[in-house]
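Q:
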Ligand code: MRU
């Protein structure tokens, strides 16, 4: 399986998702600002992968703090964290990663040199743990996929969006590994084409039968009875179960309801944000307009047209049939279910 991101000597190596599937190229980041640039430009993307890039990026950044003074170190690390915080606002895994490393810092009793090592070790641990988390999501989600099912997915919630295996695609992988004869409709996912470029690539590599469609074809195939279930990932799940995910997910939720098709959301607990009551409080990232006016660097729209490019939307909890996490499946009512899941009772 491809390595989305890894710690390599004194650098962070990132598989360049902008160039996939045409070229399998890697970017070696020697400074934390290079990692930030990769997140902003979406060389690495997907909520869990953004969190992991943040963790490894902060770990890389703190290696460069010259002073042995602990207070100075704390201030510098906080300012590095702030820079990461500003990169992509919707995926809460980024905040989660920052909090994980801040906790390591808070609990550390040794000198600055050993603290740097501890932060690096924690970041690498989070990366390694992510693969196991995704396999667990796959294990819980697999029974929801009937043998012979035709599944629709949106964006890329695969190995590339995580430390490996994937969330929504992890469930699909698990069903395939269990010997189920599944097939997948892949939304191309305009404007950044994560479906056409990345999910299609992962499924072809795994020999899982898949058909690429444009986003606007989803309703057509549902109406024809060709879709048995939808499974997507998430960038942030609010306390009431509202789900922020790639723009277009809400439309799929409404269509799924109209056709009595279940919509499942697969996400690790690091994507839960129980501090916010509903999806209305989730910040939605507005991205550069060139993503809409151009395809593959070629302009397709007139120069003076106004453009909007919200990268995510919020699917209200009523459209979500179940949330699949590494700690188990949660069904409505989500407010109680999610709280129980996190508190572990
Ligand atoms: O803008 P992106 O490519 O980072 O958006 C990715 C998604 O919306 C994914 O569905 C989500 O992050 C889950 S990835 C396991």
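In our numbering, the protein residues as written are 813 to 1157. Heads up, the beta-carbon is just placed ideally off N, CA and C, and yes, glycines get one too.
With DSSP run on the structure shown, which of helix, strand or coil describes residue 1093?
A: Along the chain shown, read from residue 1 onward, the residue named residue 1093 stands at position 281. Note: residue 1093 maps to helix in three-state DSSP.
Q: Which term fits residue 1068, buried or exposed, when burial requires 16 or more other beta carbons within 10 angstroms of its beta carbon?
A: Within the chain shown, numbered from 1, the residue matching residue 1068 stands at position 256. Answer is buried; the Cβ neighbour count reaches 16.
Q: Using the rule of at least 16 other Cβ atoms within 10 Å of the residue's Cβ for burial, across every protein chain shown, is residue 1112 buried or exposed?
A: Translated into positions along the chain shown, residue 1112 becomes position 300. When all chains shown are included, residue 1112 counts as exposed.
Q: Out of 926, 1002, 1055 and 889, which has the shortest C-alpha to C-alpha gap to residue 912?
A: Along the chain shown, read from residue 1 onward, the residue named residue 912 stands at position 100. Comparing Cα-Cα distances from residue 912 to each of 926, 1002, 1055 and 889, the minimum goes to 889.
Q: Closer than 7 Å by C-beta to residue 1051: which residues in its own chain qualify, once you throw out the five before and the five after it? Chain order, please.
A: Translated into positions along the chain shown, residue 1051 becomes position 239. The answer, listed in chain order, is 1086, 1088, 1089, 1147 and 1150.
Q: Under the assumption that residue 1038 contacts residue 962 (Cβ atoms under 8 Å), give the Cβ distance between them as a whole number of angstroms.
A: In the chain shown, the residue the question calls residue 1038 occupies position 226. In the chain shown, the residue the question calls residue 962 occupies position 150. The pair is a contact, with the Cβ atoms about 6 Å apart (cut-off 8 Å).
Q: Could you compute how far the alpha carbon of residue 928 sits from the alpha carbon of residue 875?
A: To locate residue 928, count along the chain shown from 1; it is residue 116. To locate residue 875, count along the chain shown from 1; it is residue 63. Residue 928 and residue 875: Cα-Cα distance of roughly 6 Å.
Q: If we count Cβ pairs, one from each stretch, closer than 8 Å, do we get three or more for the region 1018-1037 versus the region 838-853?
A: At 8 Å Cβ cutoff, the stretches do not touch.
Q: Short of 6 Å in beta carbon distance, which residues of its chain neighbour residue 906, apart from the five on each side in sequence? Order them along the chain.
A: Along the chain shown, one-based indexing puts residue 906 at 94. 862, 863 and 866, listed in sequence order.
Q: Any chance the CB of residue 1095 is under 6 Å from a heavy atom of the ligand MRU?
A: Counting from one through the chain shown, the residue named residue 1095 turns up at place 283. Answer for residue 1095: no, Cβ out of range of the ligand MRU.
Q: Tell me whether the beta-carbon of residue 1078 lies closer than 7 Å to the beta-carbon of residue 1136.
A: As a first step, residue 1078 must be located in the chain shown, where it is residue number 266. As a first step, residue 1136 must be located in the chain shown, where it is residue number 324. In contact: residue 1078 and residue 1136 (Cβ atoms closer than 7 Å).
Q: Could you pull the start and end residues of the beta strand (DSSP E) that residue 1057 belongs to?
A: Numbered from 1 along the chain shown, position 245 holds the residue referred to as residue 1057. Unbroken beta strand (DSSP E) run through residue 1057: 1055-1058.
Q: Taking its Cβ as the centre, do 16 or more other Cβ atoms sit within 10 Å of residue 837, making it buried, or is it exposed?
A: Taking the first residue of the chain shown as position 1, residue 837 is located at position 25. Exposed.
Q: Measure the alpha-carbon distance for residue 978 versus residue 943 and round it to whole angstroms.
A: As a working mapping, residue 978 is identified with position 166 in the chain shown. As a working mapping, residue 943 is identified with position 131 in the chain shown. Those two C-alpha atoms are separated by around 8 Å.
Q: On a Cα-Cα basis, can you pick out the residue from 938, 969, 856 and 925 that is closest to residue 900?
A: The residue labelled residue 900 in the question sits at position 88 within the chain shown. When only C-alpha atoms are compared, the closest one is 856.
Q: For the ligand MRU, any of its heavy atoms closer than 6 Å to the Cβ of residue 1045?
A: Along the chain shown, read from residue 1 onward, the residue named residue 1045 stands at position 233. Checking the Cβ of residue 1045 against the ligand MRU gives yes.
Q: From which residue to which residue does the alpha helix (DSSP H) around residue 893 run?
A: If you number the chain shown from 1, residue 893 lands on position 81. Here the alpha helix (DSSP H) through residue 893 covers 882-897.
Q: Measure the Cβ-Cβ separation of residue 848 and residue 895 and say whether it is below 7 Å.
A: If you number the chain shown from 1, residue 848 lands on position 36. If you number the chain shown from 1, residue 895 lands on position 83. Result yes, Cβ atoms of residue 848 and residue 895 sit closer than 7 Å.
Q: Can you tell me which residues form a DSSP beta bridge with residue 819?
A: Along the chain shown, one-based indexing puts residue 819 at 7. Partner(s): 824.
Q: State the beta-bridge partners of residue 1049 as determined by DSSP.
A: Counting from one through the chain shown, the residue named residue 1049 turns up at place 237. Answer is 1055 and 1084.
Q: Does the region 1122-1138 come within contact of the region 1053-1060, defined as at least 3 CB pairs closer than 8 Å?
A: Contact holds: three or more Cβ-Cβ distances are below 8 Å.
Q: What ranges does the beta strand (DSSP E) occupy inside the region 935-980, keeping only unbroken runs of at least 3 residues that lie completely in it?
A: For the region 935-980, whole beta strand (DSSP E) runs of length 3 or above, ordered along the chain, are 962-965.
Q: Quick check: the Cα distance between residue 1005 and residue 955, rounded to an integer number of angstroms?
A: The residue labelled residue 1005 in the question sits at position 193 within the chain shown. The residue labelled residue 955 in the question sits at position 143 within the chain shown. Using only the alpha carbons, I get a separation of about 29 Å.
Q: Alpha carbon to alpha carbon, what distance is there between residue 850 and residue 1110?
A: Position 298 of the chain shown, counted from the first residue, corresponds to residue 1110. Position 38 of the chain shown, counted from the first residue, corresponds to residue 850. Roughly 22 Å between the two C-alpha positions.
Q: Determine the DSSP secondary structure at residue 1158, reduced to helix, strand or coil.
A: In the structure displayed, the chain extends from 813 to 1157; residue 1158 sits before or after that span and is not available.
Q: Given residue 945, which residues of its chain have a CB within under 7 Å of its CB, disregarding the five upstream and five downstream residues?
A: Position 133 of the chain shown holds residue 945. Around residue 945: 1080 and 1138.
Q: Could you tell me whether the Cβ atoms of residue 1097 and residue 816 are closer together than 7 Å?
A: Translated into the one-based positions of the chain shown, residue 1097 becomes position 285. Translated into the one-based positions of the chain shown, residue 816 becomes position 4. No, Cβ-Cβ distance for residue 1097 and residue 816 is not below 7 Å.
Q: Taking the beta strand (DSSP E) that residue 1127 falls in, what are its first and last residues?
A: The sequence position of residue 1127 within the chain shown is 315, counting from 1. First-last of the beta strand (DSSP E) with residue 1127: 1124-1127.
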